[in-house]
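A.B. asks: In the numbering used here, the protein residues as written are 167 to 292.
Using N, Cα and C, we set each Cβ at its ideal position, and we do this for glycine too.
Keep in mind that this is a model prediction, so the values were computed, not measured.
Quick one: the structure is below, questions incoming.
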């Protein structure tokens, strides 16, 4: 669910300044990962194993990514370093999406206020 930014009460000038700032800092992070970090406790097939009595094996840490409809990629994160990298990549992606959502809502509000949207003169990639 997207965060709702309350922009109706803000001045147009403030919104234009915020747009310039967002465009300057909005660049896709190179380590972004669109996925979920899942921790599972599992049972095995052995009849006399302790997991059959409630003490499950684990935790096992997985990175799960829905690639397309019906196509899910899931793999085990074996080391603490890969777990940390996965969590950092997911956080980077989430932060990027939040900034992009704010920019979208900001553009919508500016468009609502005026027929001509404000297009700042910003050089991308600097």
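Is it right to say residue 199 is buried, meaning 16 or more other beta carbons lie within 10 angstroms of its own, or is it exposed?
C.D. replies: That one is buried.
A.B. asks: What do you get for residue 176, buried or exposed, if any count of 16 or more other CB atoms within 10 angstroms of its CB means buried?
C.D. replies: It counts as exposed.
A.B. asks: Take residue 223 and list the residues in its own chain whose beta-carbon comes closer than 6 Å to its own, dropping the five residues that flank it on each side.
C.D. replies: 208, 217.
A.B. asks: Decide if the segment 244-257 is in contact with the segment 189-205; the criterion is three or more beta carbon pairs, one per stretch, under 8 Å apart.
C.D. replies: The segment 244-257, when compared against the segment 189-205, does touch it at the 8 Å Cβ threshold.
A.B. asks: Would you kindly report the start and end of the unbroken alpha helix (DSSP H) that includes residue 247?
C.D. replies: Unbroken alpha helix (DSSP H) run through residue 247: 246-279.
A.B. asks: Let's test the definition: count the other Cβ atoms within 10 Å of the Cβ of residue 276 and tell me whether it reaches 16, buried, or not, exposed.
C.D. replies: So residue 276 ends up on the buried side.
A.B. asks: Per the contact definition of three or more C-beta pairs closer than 8 Å, is the segment 177-188 in contact with the segment 235-248?
C.D. replies: They do not touch, by the three-pair rule.
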